[in-house]
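Residue numbers (the numbering used here): 4 to 298. Just so it is clear, CB atoms sit at the ideal spot from N, CA and C, and this is done for glycine as well.
Written out as structure tokens, the structure is:
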């Protein structure tokens, strides 16, 4: 049974890689770097987008819905959303220079700051991607819903993509963070403030408030773990099948790590996603959780 699941997981992963749009093949995550050089300290946070940690590209393809900080008592503070930079890149000597906003923010603690775990979230709006044949017979992608594509001879398929990203830092001792009720959410069940090489990191994976489940007859849900210190240069990552909404990794190397999961849901006129019928054929959700592993 396990071999069958592993085989189906590989097939599912390959199909996803071939079917994913250029933008969706990227990953969205959050970076958080703490400094205590000047007590009580501060945290620098920024958005990651692309393939390589910690920073790869500007997230100009995405439309963001929320960039928020949650205190240990769940008090929510909205941070300014990153702004898309419009304008041509400067080109010279075979290079080009462009400007962008990665949501770089400095979060400075004071003596009155709450003790415990803080959560940083990033959430996109529903971003549409449509594959179609244009009136000249060429296959193209459009960054809009199926019903808004112009000059289409034939609509092939459409996807609505929504991404969620989280990271954590704490003032004083770690406290278990509460769920943020994202449509797709990775929730740590391990103290992430002092993870070391060889430690086991456990998480719950929730979809629409319920444990994400794997059924070999329908779909394989798997969690991946990528790092800039392990596998990244060789373009591979760790993966585990999610059973009963639970996943885990024994961390093999120090550095920054990002856990990532996708789930794909079909849009039909008679299911819970029927309001999207005619706009897309598939709903794709992704969720990441980032943290650091010490030697």
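- Item | Three-way DSSP call (helix, strand, coil) for residue 63 in this model | As a first step, residue 63 must be located in the chain shown, where it is residue number 60. Looking at residue 63 - three-state DSSP - the assignment turns out to be coil, as it is neither helix nor strand.
- So the beta strand (DSSP E) residue 38 belongs to, where does it begin and stop? Along the chain shown, one-based indexing puts residue 38 at 35. Looking at the DSSP string, the run of the beta strand (DSSP E) that includes residue 38 is 30-38.
- Should residue 296 be labelled buried (16 or more other beta-carbon atoms within 10 Å of its own) or exposed? The residue you call residue 296 lines up with position 293 of the chain shown. With 16 or more Cβ atoms within 10 Å of its Cβ, residue 296 is classed as buried.
- Query: Measuring CB to CB, does residue 244 end up less than 7 Å from residue 265?
  - Reply: The count along the chain shown starts at 1 and reaches residue 244 at position 241. The count along the chain shown starts at 1 and reaches residue 265 at position 262. Judged by beta-carbon spacing, residue 265 lies beyond the 7 Å limit of residue 244, meaning their Cβ atoms are not closer than that value.
- Query: Based on Cα-Cα distance, which residue from 158, 205 and 262 lies nearest to residue 292?
  - Reply: For the purposes of this step, residue 292 is taken as residue 289 along the chain shown, with counting starting at 1. When each option's Cα is compared against that of residue 292, the closest is 262.
- Query: To the nearest angstrom, how far is it from the Cα of residue 299 to the Cα of residue 169?
  - Reply: Outside the shown range of the chain (4 to 298) lies residue 299, about which nothing can therefore be said.
- Query: What separation, rounded to the nearest whole angstrom, lies between the Cα atoms of residue 298 and residue 234?
  - Reply: For the purposes of this step, residue 298 is identified with residue 295 of the chain shown, where counting begins at 1. For the purposes of this step, residue 234 is identified with residue 231 of the chain shown, where counting begins at 1. So the two alpha carbons sit approximately 17 Å from each other.
- CB-CB under 7 Å to residue 250, same chain, minus the five flanking residues each way: which ones, in chain order? For the purposes of this step, residue 250 is identified with residue 247 of the chain shown, where counting begins at 1. If we look at residue 250 and ignore the five residues flanking it on each side, its Cβ neighbours are 206, 208, 226 and 243.
- Over the uninterrupted beta strand (DSSP E) stretch that includes residue 130, give me the two end residues. Taking the chain shown and counting its residues from 1, the one referred to as residue 130 is at position 127. Unbroken beta strand (DSSP E) run through residue 130: 130-137.
- Query: Cβ atoms of residue 200 and residue 257: under 7 Å apart, would you say?
  - Reply: Against the chain shown, residue 257 aligns to sequence position 254. Against the chain shown, residue 200 aligns to sequence position 197. Yes, the Cβ-Cβ distance between residue 257 and residue 200 is below 7 Å.
- Please work out which residues of its chain come closer than 7 Å, Cβ to Cβ, to residue 259, disregarding the five sequence neighbours upstream and downstream, and give them in chain order. Residue numbering aside, residue 259 sits at position 256 when the chain shown is read from its first letter. Taken in chain order, the residues that qualify are 56, 57, 230, 231, 293 and 295.
- Message: I'd like to confirm the pairing. Which residues does DSSP put opposite residue 244 in its beta bridges?
- Response: In the chain shown, the residue the question calls residue 244 occupies position 241. Answer is 225.
- For residue 100 and residue 3, the rounded distance between their alpha carbons: Because the chain in this structure spans residues 4 to 298, residue 3 falls outside the shown range and cannot be described.
- Determine the DSSP secondary structure at residue 236, reduced to helix, strand or coil. Position 233 of the chain shown holds residue 236. Looking at residue 236 - three-state DSSP - the assignment turns out to be helix.
- Message: Comparing C-alpha positions only, which one of 98, 195 and 284 sits nearest to residue 253?
- Response: Against the chain shown, residue 253 aligns to sequence position 250. Ranking 98, 195 and 284 by CA distance to the CA of residue 253 puts 195 first.
- Task: Along the beta strand (DSSP E) that carries residue 108, what are the first and last residues, could you check?
- Result: One-based indexing of the chain shown puts residue 108 at position 105. Its beta strand (DSSP E) spans residues 108-111.
- Message: Does any residue of chain D have a CB that is nearer than 7 Å to the CB of residue 144?
- Response: In the displayed structure, chain D is absent; only one protein chain is listed.
- Task: Note down, in chain order, each residue of its chain lying with its Cβ closer than 6 Å to the Cβ of residue 103, except the 5 sequence neighbours on either side.
- Result: Start at 1 with the first residue of the chain shown, and residue 103 comes out as number 100. Only 61 and 88 meet the Cβ criterion.
- Query: When DSSP labels each residue in this structure, what does residue 209 get in the three-state scheme?
  - Reply: By one-based count along the chain shown, residue 209 stands at place 206. Residue state, collapsed to three classes: strand.
- Do you know whose CA, among 172, 214 and 74, lies nearest residue 188's CA? What you label residue 188 is simply residue 185 of the chain shown in a count that begins at 1. Of the listed residues, the one whose Cα sits closest to residue 188 is 214.
- Task: Kindly give me the distance between the Cβ atoms of residue 181 and residue 86, rounded to whole angstroms, as I take these residues to be in contact under 8 Å.
- Result: As a working note, residue 181 is residue 178 in the chain shown. As a working note, residue 86 is residue 83 in the chain shown. With a Cβ gap of about 30 Å, residue 181 and residue 86 do not count as contacting.
- Item | residue 54: first and last residue of the uninterrupted beta strand (DSSP E) it sits in | For the purposes of this step, residue 54 is taken as residue 51 along the chain shown, with counting starting at 1. Taken as a continuous stretch (DSSP letters only), residue 54 belongs to no beta strand (DSSP E), as it is neither H nor E.
- How far does the beta strand (DSSP E) with residue 121 in it reach, from first residue to last? Translated into positions along the chain shown, residue 121 becomes position 118. Note, residue 121: beta strand (DSSP E), 119-127.
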